[in-house]
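Reviewing the structure listed below.
Chains as they are written, first to last, in my numbering: chain A, 31 to 193; chain B, 2 to 233.
In structure tokens:
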């Protein structure tokens, strides 16, 4: 597994993230990128309290993340970067590279969304953005590490209504 | 009485678990009774809106329910904090109840089950349900009392540390169980104890990297070869 994991998860820190990723890979650094959580003391306390002891949580806004995220800081340890939506992942596209494991974990069902997996529901605009990222890097739908990951190859077919 | 009914109802909270809204239907059904228990009448639209996507740890859902009613009563942001707490309680609940408490109860039950299988079974059910039901049955009142600050209760009891404490107890009990099993089955046999030690070390070293079925099949082959060549 690559050391830097970017995960799209609209529930941010929840059971699958803790049991599936943080504890499984013994991840000590979690970066939560969210304008909604950043600067809100109550939400910060809630998310910090849900992590196992010893895990460092950094909460930052998207703007801060884009300007200050440093891969070199995490070259030995695992780091899990959590963003809430495909839009945010797309916004951070400039930071992606071959050493990043791009993972779509959980995007809840909303109206007019297409069921891509049992935890990932995307609308056509989001699928297009994923296609755009996939042109340069591998993107996986991967709920938890012990389940098989799905590499996204045929999203273009999905957009054309062929799946 | 209304509260008791609500608590009993919460046992069926996941009856309509599905991929689209997960526990949304259950929450919507609970919120109607919860509000009524606190003298709040919700209109149909509000109840319907609560069927939206919602997923948390089922044993801690009542905390969110209590918080929701409190926030609703004081014109706060019940749905916003419902979403925030659903994730956090999912993390806390999964870690404690499913990752740590369940294996510990199983190990304790297995140890006691040696003398009396019925005792083992009863111990498992009592131990596990004692804690899960305690959280279910106190959750609503605590959530209602503390409102959106309900996380303070979990911090006060250091709940995120409980999981690691229980894991340590489980490891000790598992060691006890394995030693007991070896002693009861083969007595002191250096060869078998040596093999078991090697298995344990291999498991610790590569257990997490292997698929569980692949690992099991691999171990069966190794054991077969071992038994064949040693003539056991």
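Even glycine gets a Cβ: it sits at the ideal position worked out from N, Cα and C. Since we're looking at a predicted model, the values are computed, not measured.
Taking the straight line between their C-alpha atoms, what separation do you get for residue i and residue j?
| i | j | result |
| --- | --- | --- |
| residue 90/B | residue 44/A | 7 Å |
| residue 190/B | residue 145/B | 59 Å |
| residue 93/B | residue 112/B | 28 Å |
| residue 132/B | residue 197/B | 34 Å |
| residue 74/B | residue 43/B | 10 Å |
| residue 163/A | residue 66/A | 24 Å |
| residue 72/A | residue 39/A | 20 Å |
| residue 193/A | residue 182/A | For residue 193/A, the pLDDT reaches just 49, beneath the cut-off of 50, and the residue's location in the model is therefore unreliable, although a value from the coordinates is still provided. C-alpha separation (whole angstroms): 13 Å. |
| residue 206/B | residue 136/B | 36 Å |
| residue 143/B | residue 147/A | 36 Å |
| residue 171/B | residue 83/A | 18 Å |
| residue 88/B | residue 82/B | 10 Å |
| residue 68/A | residue 103/A | 21 Å |
| residue 138/A | residue 185/B | 51 Å |
| residue 226/B | residue 110/B | 33 Å |
| residue 218/B | residue 123/B | 33 Å |
| residue 15/B | residue 3/B | 20 Å |
Using a Cβ-Cβ cutoff of less than 6 Å, which residues in the same chain neighbour residue i once the five nearest sequence positions on both sides are dropped?
| i | result |
| --- | --- |
| residue 29/B | 48, 51, 52 |
| residue 175/B | 108 |
| residue 179/A | 170, 172 |
| residue 114/B | 121 |
| residue 36/A | 111, 130, 132 |
| residue 108/A | 33, 55, 57 |
Beta-carbon within less than 7 Å of residue i's beta-carbon, same chain only, minus the 5 sequence neighbours each way: which residues are those?
| i | result |
| --- | --- |
| residue 143/A | 151, 152, 153 |
| residue 96/B | 164 |
| residue 100/B | 164 |
Spatial neighbours of residue i within its chain, please: CB distance less than 8 Å, with the 5 preceding and 5 following residues excluded, ordered by chain position.
| i | result |
| --- | --- |
| residue 22/B | 52, 53, 54, 55 |
| residue 33/B | 43, 48 |
| residue 18/B | 24, 27 |
| residue 176/A | 50, 54 |
What does DSSP give as the partner residues of residue i in its beta bridges?
| i | result |
| --- | --- |
| residue 136/A | 39/A |
| residue 90/A | 63/A |
| residue 123/B | Its beta-bridge partners do not exist; DSSP assigns none. |
| residue 19/B | 23/B |
| residue 34/A | 109/A, 130/A |
| residue 55/B | 23/B |
DSSP three-state label for residue i, please.
| i | result |
| --- | --- |
| residue 158/B | coil |
| residue 131/A | strand |
| residue 109/A | strand |
| residue 171/A | strand |
| residue 118/A | helix |
| residue 144/A | strand |
| residue 150/A | strand |
| residue 156/A | helix |
| residue 70/B | helix |
| residue 95/A | helix |
| residue 115/B | coil |
| residue 45/B | helix |
| residue 180/A | strand |
| residue 78/B | coil |
| residue 61/B | helix |
| residue 140/B | helix |
| residue 57/A | coil |
| residue 193/A | Confidence at residue 193/A is low in this model, with a pLDDT of 49, below 50, so the placement of that residue is unreliable and no value is reported for it. |
| residue 25/A | In the structure as shown, chain A begins at 31 and stops at 193. Residue 25/A is therefore absent and cannot be evaluated. |
| residue 68/A | coil |
| residue 40/B | coil |
| residue 46/A | helix |
| residue 107/B | helix |
*Members of the segment 145-159 of chain A that neighbour chain B once the beta carbon cut-off is set at 7 Å*: 148
*Give, in chain order, every residue of the segment 104-133 of chain A whose Cβ lies closer than 7 Å to some Cβ of chain B.*
none
*Mind checking the segment 110-144 of chain B against chain A and listing, in chain order, the residues whose C-beta falls within less than 8 Å of any C-beta there?*
none
*asked:* Counting only Cβ-Cβ distances shorter than 9 Å, please list the residues of the segment 5-22 of chain B near chain A, keeping chain order.
replied: 20, 21, 22
*Compile a chain-ordered list of the residues in the segment 152-174 of chain B whose CB is closer than 9 Å to at least one CB of chain A.*
152, 153, 155, 156, 159, 160, 161, 162, 164, 165
*Check each residue of the segment 84-102 of chain B: if its Cβ is closer than 9 Å to any Cβ of chain A, include it; give the result in chain order.*
84, 85, 86, 87, 88, 89, 90, 91, 92, 93, 94, 95, 96, 99, 100
_Members of the segment 39-54 of chain B near chain A, C-beta cut-off 7 Å_ = 54
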